[in-house]
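Residue numbers (the UniProt record's numbering): 1 to 387. Cβ coordinates follow ideal geometry from the N, Cα and C atoms, glycine included.
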Amino acid sequence: MRDEIESGLPRHVAVSWSNMPDPEHAAREAAQGIKTHDTCFVLALIPPGHDTDVLARVFAEVLDSVPVFGCTTAGQITPNGYEADALMLIGFGRDHFRCASTLVAPLKPLSITGISDTMTRANAKFPRTAGWNRLALVFADGLSKQEDLLASVLESVLEDIPVFGGSAADGMVFERTLILHNGRFQDNAALVLLIETDLHFEGLSFDHFLPDGNELVVTEANTEERLVTEINGAPAAKEYARLVGCAVEDLTPQVFAENPMLVCHKQNHYIRAIHGLIDQNTLSFLAAIDDGLVMVLGRGKGVIETLETELDLLDAAGQRPDFILGFDCVLRKLEVDQKQLGDQVSDVFRRRRVLGFNTYGEQHCGLHMNQTFVGVAFYDRKRSRMF
């Protein structure tokens, strides 16, 4: 495990990670930083390529008295900032956290009634602690294409409980994403953690794009698969390339990351990120798409300036968060790398005590979004919340 950075260490969770390539050695090294006797649960953020069966076995052996939840990722945010190969464990202590878990499987096809009934029962069975507040964290298979509906259902069912989360990822491979629950990794699933805490917490969500005025309309789409074949009555890829000023053959993940599309919802704009190009004509998206949807191209603001401003948080007493649990879209990381801003972003994350991972999508207050940073800032003990 790397040397701990004094200024980046929170007091209310334990953070441990390993960059060792061997999964067994990495799991054992990371687990050494978790004191099981005072830990309520562990969140495990898994780098691409690790043998998850080995990880599950070691976690069960070394952390046997503590529930371990988690998912595969497209990168991690450790106390060092951005990492690509870190097996990271975050231990939530018993003094400030209580937790109940629910696995939604299979996730696709999604049963609205089934999820509603399951989460209603789970919430009712989780005894409330006087003076403590609740939130929910959701980790969903990032290739399921069900996160939009899942986020909406959870927000409706859980009512006064704010929901935050990130879609599990698989680096930039987009082949298989896995959720860890009850000692087993599986795909086509979603994990919902109901959490109680006596810490004050505040939700946040932001991106660094503004609408640039060039509106477009989806005129033909496969909504179930999030595929757009026609924009403004023209082949989708050709029309998108024309609007951003390049040829279809020049469309790359970097172009998509720097030129996202935005939709307007309740007077706010949210990114509908493009995943990739199919058969030189069809655009694949990472969030819900429908016929007739009106979108607008996004124009980027300063990445570092936006990050500094949005993470400059203070509570009512003027204190900074003890830590921020962050869900950061992999497309943001892709743009950061393209612009060679990784060291600067990592420095901001270190100073703001951000811990988390790069996702295939983010969930916040009933919405599934892309190319966004969603987080929960936890402060010292106060019995109020904002989200």
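Hey, out of the options, whose CA is closest to residue i's CA?
i: Thr52; options: Arg184, Phe92, Pro10, Val62; result: Arg184
i: Thr39; options: Gly91, Val376, Ala30; result: Gly91
i: Tyr240; options: Phe206, Leu210, Ser284; result: Ser284
i: His200; options: Glu159, His96, Ile112; result: His96
i: Pro47; options: Thr72, Leu210, Leu367; result: Thr72
i: Ala190; options: Gln254, Met172, Val153, Ile34; result: Val153
i: Arg350; options: Ile77, Leu227, Glu61; result: Ile77
i: Pro67; options: Gln254, Arg242, Val54, Phe41; result: Phe41
i: Val296; options: Asp343, Gly318, Val62, Leu216; result: Leu216
i: Gly49; options: Leu227, Gly318, Pro10, Pro21; result: Pro21
i: Arg226; options: Pro109, Ala31, Thr282; result: Thr282
i: Ala169; options: Gly33, Ile304, Gly75; result: Gly75
i: His364; options: Asp141, Val255, Ala151, Arg176; result: Ala151
i: Gly93; options: Arg11, Ser156, Ala140; result: Arg11
According to DSSP, residue i sits in a beta bridge with which residue or residues?
i: Pro211; result: Gly298
i: Phe373; result: Phe206, Asp328
i: Thr197; result: Phe97, Asn133
i: Gly165; result: Val138, Gln363
i: His181; result: Arg184
i: residue 389; result: The question about residue 389 has no answer, for the chain in this structure spans 1 to 387.
i: Arg381; result: Leu199
Which whole-angstrom value describes the C-beta separation of residue i and residue j, a residue pair presumed to lie in contact below a C-beta threshold of 8 Å?
i: Phe327; j: Gly70; result: Their Cβ separation, rounded to whole angstroms, is 13 Å, which puts Phe327 and Gly70 out of contact at 8 Å.
i: Gly131; j: Pro162; result: 18 Å between Cβ atoms; not a contact.
i: Leu180; j: Ala56; result: 7 Å
i: Lys108; j: Asn188; result: 6 Å
Would you check if there are 3 or more beta carbon pairs closer than 8 Å linking the segment 212-223 to the segment 283-302? yes
With contact counted as at least three CB pairs below 8 Å, one residue from each stretch, are the segment 326-336 and the segment 116-130 in contact? no
Considering only residues of the segment 120-158, which uninterrupted beta strand (DSSP E) runs meet the minimum length of 3 residues and lie entirely inside it, listed in chain order? 133-140
Inter-stretch contact (C-beta, 8 Å, three-pair minimum) for the segment 178-196 and the segment 127-139: yes
So does the segment 268-281 actually touch the segment 361-381, counting three or more Cβ pairs closer than 8 Å? yes
Extract the residue ranges of the alpha helix (DSSP H) inside the UniProt domain "FIST C-domain" (236-366), only unbroken runs of 4 or more that lie entirely within it. 236-244, 253-258, 303-310, 330-338, 342-352
Does the segment 291-310 come within contact of the segment 255-263, defined as at least 3 CB pairs closer than 8 Å? yes
Does the segment 102-112 come within contact of the segment 200-217, defined as at least 3 CB pairs closer than 8 Å? no
Entirely enclosed beta strand (DSSP E) segments - the segment 35-123, minimum 3 residues: 39-46, 68-72, 76-78, 81-83, 87-93, 97-104
Is there contact between the segment 79-89 and the segment 19-27, where contact requires at least three CB pairs shorter than 8 Å? yes
Count the C-beta pairs between the segment 317-327 and the segment 340-356 that are closer than 8 Å, then say yes if the count reaches three, no if not. yes
Segment contact flag, the segment 308-324 with the segment 229-239, C-beta cutoff 8 Å, min 3 pairs: no
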